[in-house]
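Trainee: Each residue of the sequence shown is one higher than the one before, starting from 220 at the first, in the working numbering. This is the structure I want to talk about, given as structure tokens.
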Amino acid sequence: MLLTNFARASIASAATAAAVSSSGISISRTDAASATDHLSAGRAHLLRGSGHQLISQEQDCHCPACANTDPATAAAADGPAVRSSVESSPSVPAIPRQVFMTTRDKQNMARWEQRNFEKCTRMNPGWRFVVYDDIDMEEYVRATFPGILDTWRFLKNTVEKKDVWSYLIIYDKGGLFLDTDIDCRVPIDRWDQPYGHSSRGLIGVEINKPQEDYLQFTNWCFAFAPRHPILYATIALVLQKIAQLRVTPTNVDSVFLTGPTVFSRAVMDYMAMYGLDRTAVREGGDFQTGDVRLLGVNRFAPLQSHSHATMDCHSPEIFVIHQFSGRWRQEYKWYTADGSRPKGAWVPPAKPAHWRPPCWEDLRETSTL
Numbered sequence: 220m221l222l223t224n225f226a227r228a229s230i231a232s233a234a235t236a237a238a239v240s241s242s243g244i245s246i247s248r249t250d251a252a253s254a255t256d257h258l259s260a261g262r263a264h265l266l267r268g269s270g271h272q273l274i275s276q277e278q279d280c281h282c283p284a285c286a287n288t289d290p291a292t293a294a295a296a297d298g299p300a301v302r303s304s305v306e307s308s309p310s311v312p313a314i315p316r317q318v319f320m321t322t323r324d325k326q327n328m329a330r331w332e333q334r335n336f337e338k339c340t341r342m343n344p345g346w347r348f349v350v351y352d353d354i355d356m357e358e359y360v361r362a363t364f365p366g367i368l369d370t371w372r373f374l375k376n377t378v379e380k381k382d383v384w385s386y387l388i389i390y391d392k393g394g395l396f397l398d399t400d401i402d403c404r405v406p407i408d409r410w411d412q413p414y415g416h417s418s419r420g421l422i423g424v425e426i427n428k429p430q431e432d433y434l435q436f437t438n439w440c441f442a443f444a445p446r447h448p449i450l451y452a453t454i455a456l457v458l459q460k461i462a463q464l465r466v467t468p469t470n471v472d473s474v475f476l477t478g479p480t481v482f483s484r485a486v487m488d489y490m491a492m493y494g495l496d497r498t499a500v501r502e503g504g505d506f507q508t509g510d511v512r513l514l515g516v517n518r519f520a521p522l523q524s525h526s527h528a529t530m531d532c533h534s535p536e537i538f539v540i541h542q543f544s545g546r547w548r549q550e551y552k553w554y555t556a557d558g559s560r561p562k563g564a565w566v567p568p569a570k571p572a573h574w575r576p577p578c579w580e581d582l583r584e585t586s587t588l
């Protein structure tokens, strides 16, 4: 009950006027700062009334292919593409053995995306992989969270919609979210194996800069059991930020609107509730806080020129390599009053046609494509 009440607190304190039904949530006039204050203090306030929840417990899957574990049948069905193994799992984990990914058009994935996908599925027999594209994501939100569809459609950029969708679907169904520019290096079952697959959340450090008092967690790779309060709080924060943006244009970009900055705030509030000081996390290594495992920077975010990340493609500490395809930055639509790019906004040069991800040779050697 503690976690259930904690999750409800993240919305109860955030929404002063919320219309919540069994088919979705619609929040207006939110104050997520108040919500996270309550989270940090560990207060567990119930939502007013009865039956208030983020989504219906009965709603499990609204896309025909989602529930299909037969690849042949899934390929013929409308909706997300599904691939899974018929091998039995050695144990029942807290986090469901399913992976959710998204790409612009699953029928026309980039070659490096295809290689990443093929490698990861081969490495993880017993895990079910579901790939959504832009059309699938909107259909999922429309069917499962109709109360926020208008907010979803306000967003100008696919990268932001992807962020929101990833929080919603993992909150709803549980499992692992992976960006398609991820090179899997260690089977997923090993990530939590030392802890008996008992963790209800797996989160990786992305940026760890003690000298700047800056700590950030990856939102390109995370895993949770269904209905986890960290995702509940993240969704509340995102809705609050979007509500503010609709009233007041600003130069905010997706990192701060829907991305890792927002997600990291929810994680650090959860840490504070369970007494884990961010200073301890900055020292490196893996940590437990509540029912969540916080993984050191080399697990999900190696090959960076900061945060003491390893630059060795073959380091045994690495679980995945994020390839930083960064396609969204070149085409980003801003939320300034006139829609123009803010002065001084950083936009990296576009990737050349011959671009290859980090450690590409390793990926090519292990790929059948």
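Yeah, the Cβ is synthetic: ideal placement off N, Cα and C, and Gly gets one too.
Measuring straight from C-alpha to C-alpha, what distance separates A499 and M320?
Mentor: 32 Å
Trainee: Pull the bridge partners of G366 from the DSSP assignment, please.
Mentor: None; G366 has no bridge partner.
Trainee: Using the beta-carbon count (16 or more within 10 Å), is A527 buried or exposed?
Mentor: Looking at the sequence shown, residue 527 is not Ala but His. Classification of H527: exposed, given that the 10 Å Cβ count is below 16.
Trainee: Taking 8 Å as the cut-off, does the stretch 434-450 touch the stretch 334-354 (at least 3 CB pairs, one atom from each stretch)?
Mentor: Contact between the stretch 334-354 and the stretch 434-450 is absent, with fewer than three C-beta pairs closer than 8 Å.
Trainee: Could you check if N327 is buried or exposed, using at least 16 other CB atoms within 10 Å of its CB as the buried criterion?
Mentor: exposed
Trainee: Assuming the contact rule is C-beta atoms closer than 8 Å, T377 and R323 should be a hit. Round their C-beta distance to whole Å, please.
Mentor: Correct: roughly 7 Å between the Cβ atoms.
Trainee: Alpha carbon to alpha carbon, how far is L395 from I389? Give it in angstroms, no decimals.
Mentor: 7 Å
Trainee: On the DSSP bridge list, what partners appear for Y433?
Mentor: K428
Trainee: Among the residues of its own chain, which have a CB less than 7 Å from the CB of L368, if the five just before and after it don't count?
Mentor: V360 and R361
Trainee: Quick check on L421: does DSSP put it in helix, strand or coil?
Mentor: The three-state reading of DSSP puts L421 in strand, counting E and B together.
Trainee: If you pair each beta-carbon of the stretch 425-437 with each one of the stretch 454-463, do three or more pairs fall below 8 Å?
Mentor: no
Trainee: Which of the three DSSP states, helix, strand or coil, is assigned to D557?
Mentor: coil
Trainee: Which same chain residues end up closer than 6 Å to S483 when comparing Cβ atoms and leaving out the 5 residues on each side of it in sequence?
Mentor: Q435 and F436
Trainee: Using 10 angstroms around the beta-carbon of T453, count the other beta-carbons present and answer buried if the total reaches 16, otherwise exposed.
Mentor: buried
Trainee: Go ahead and label V424 buried or exposed: buried means 16 or more other beta carbons lie within 10 angstroms of its beta carbon, across all protein chains shown.
Mentor: buried
Trainee: Mapping DSSP to helix, strand and coil, what is Y351?
Mentor: strand
Trainee: Put T498 into one of helix, strand or coil per three-state DSSP.
Mentor: helix
Trainee: Could you check whether the stretch 465-474 touches the stretch 502-522, counting it as contact only if at least three pairs of C-beta atoms, one from each stretch, sit closer than 8 Å?
Mentor: no
Trainee: Just to confirm before moving on: does the CB-CB distance between M342 and P406 stay below 8 Å?
Mentor: yes
Trainee: To the nearest angstrom, report how far apart T255 and F373 are at their CA atoms.
Mentor: For T255, the predicted structure reports a pLDDT of 41, less than 50, and the residue's modelled location is therefore unreliable. The matter cannot be settled from this model.
Trainee: Find the nearest neighbour of R501 within the set H525, H416, C532 and L450, judged by alpha-carbon distance.
Mentor: H525
Trainee: Are the beta-carbon atoms of F519 and F543 separated by less than 8 Å?
Mentor: no
Trainee: Which residue from I401, W553 and P448 puts its Cα closest to that of L598?
Mentor: The question about residue 598 has no answer, for the chain in this structure spans 220 to 588.
Trainee: Let me confirm a value: H533 is counted as buried when at least 16 other C-beta atoms fall within 10 Å, else exposed. Which label applies?
Mentor: Residue environment for H533: exposed (fewer than 16 other C-beta atoms within 10 angstroms of its C-beta).
Trainee: Taking all protein chains shown into account, do 16 or more other C-beta atoms lie within 10 angstroms of the C-beta of T508, making it buried, or fewer, making it exposed?
Mentor: buried
Trainee: What are the start and end residues of the alpha helix (DSSP H) that includes F475?
Mentor: S473 to L476
Trainee: Give, in chain order, every unbroken run of the beta strand (DSSP E) that is at least 3 residues long and sits entirely within the stretch 510-539.
Mentor: 511-514
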